[in-house]
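Numbering (the numbering used here), first residue to last: 546 to 719.
Right, dumping it as structure tokens:
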């Protein structure tokens, strides 16, 4: 049992180290983000998007989409956090957490919410998706903000939580 545990820890440590080293750069609003090289960059579906990444997650039916946006301050941090949280059905109330972290002297706002997500375009019909999670990040970039958003089934998104956090703070990593 002890040998299995030590081997397992070595495999996990190696995987974590390779994730840190095996990244691809993505530029958005003058910041350079680092995302796992195993993810793929796909065509953007909107003029508002800077980039779209796809992350394959074991157990998920399809790759999860990580969208990057940058179009000014867009109403500020609070307005965007409220908009993201407003994409969840009011009942049952979504579980949510909003935190501000210091990333090399830059304040990054992270949002996590889980509940019934109303999927669809801003002004179009919505499809309720139960047990979905949204991870969001708002990163100041001069006069603009960079917004990163990931949504998907909660179990699949949970597997990307740490990677998403590293992605959001990667321009400031030393």
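Each residue gets a CB set at the ideal place from its N, CA and C atoms; glycine is no exception.
Computed from a prediction, not measured in an experiment: that's the story for all the values here.
Per DSSP, what are the beta-bridge partners of residue i in this structure?
i           : result
residue 713 : Partner(s): none; residue 713 has no beta bridge.
residue 663 : 673
residue 590 : According to DSSP, residue 590 bridges with nothing at all.
residue 690 : 685
residue 605 : Answer is none; residue 605 lacks a bridge partner.
residue 652 : 647
residue 634 : Its beta-bridge partners do not exist; DSSP assigns none.
residue 658 : 641 and 679
At what residues does the beta strand (DSSP E) containing residue i begin and finish?
i           : result
residue 612 : 609-614
residue 701 : Taken as a continuous stretch (DSSP letters only), residue 701 belongs to no beta strand (DSSP E), being part of the alpha helix (DSSP H) at 699-703.
residue 648 : 640-648
residue 586 : 585-587
residue 578 : 576-581
residue 573 : 568-573
residue 600 : 594-600
I need the boundaries of the alpha helix (DSSP H) containing residue i, first residue and last residue.
i           : result
residue 626 : 622-630
Kindly list the residues whose CB is nearer than 7 angstroms to the CB of residue i, restricted to its own chain and excluding five residues on each side of it in sequence; keep chain order.
i           : result
residue 698 : 605, 676 and 677
residue 701 : 602, 604, 605 and 609
Only counting the same chain, and skipping five residues up and downstream in sequence, which positions put a Cβ closer than 6 angstroms to that of residue i?
i           : result
residue 613 : 573, 595, 596 and 693
residue 567 : 582
residue 551 : With a pLDDT of 40 at residue 551, under the threshold of 50, the modelled position of this residue cannot be trusted, and the question is left open.
Would you grab the beta carbon distance between residue i and residue j for me? Rounded to a whole angstrom, and I think it's under 8 angstroms.
i           : j           : result
residue 641 : residue 655 : 11 angstroms between Cβ atoms; not a contact.
residue 578 : residue 685 : 14 angstroms between Cβ atoms; not a contact.
residue 599 : residue 589 : With a Cβ gap of about 12 angstroms, residue 599 and residue 589 do not count as contacting.
residue 622 : residue 683 : 5 angstroms
residue 633 : residue 658 : 6 angstroms
residue 638 : residue 660 : 7 angstroms
residue 571 : residue 691 : Not really, about 10 angstroms apart at Cβ, beyond 8 angstroms.
Tell me whether residue i, by its Cβ, gets closer than 7 angstroms to a heavy atom of the ligand ZN.
i           : result
residue 595 : No copy of the ligand ZN occurs in the structure displayed, which carries no ligand at all.
Using C-beta distances below 8 angstroms, list every residue in its chain close to residue i, excluding the 5 sequence neighbours before and after it, in chain order.
i           : result
residue 553 : With a pLDDT of 37 at residue 553, under the threshold of 50, the modelled position of this residue cannot be trusted, and the question is left open.
residue 672 : 663, 664 and 665
residue 593 : 614 and 616
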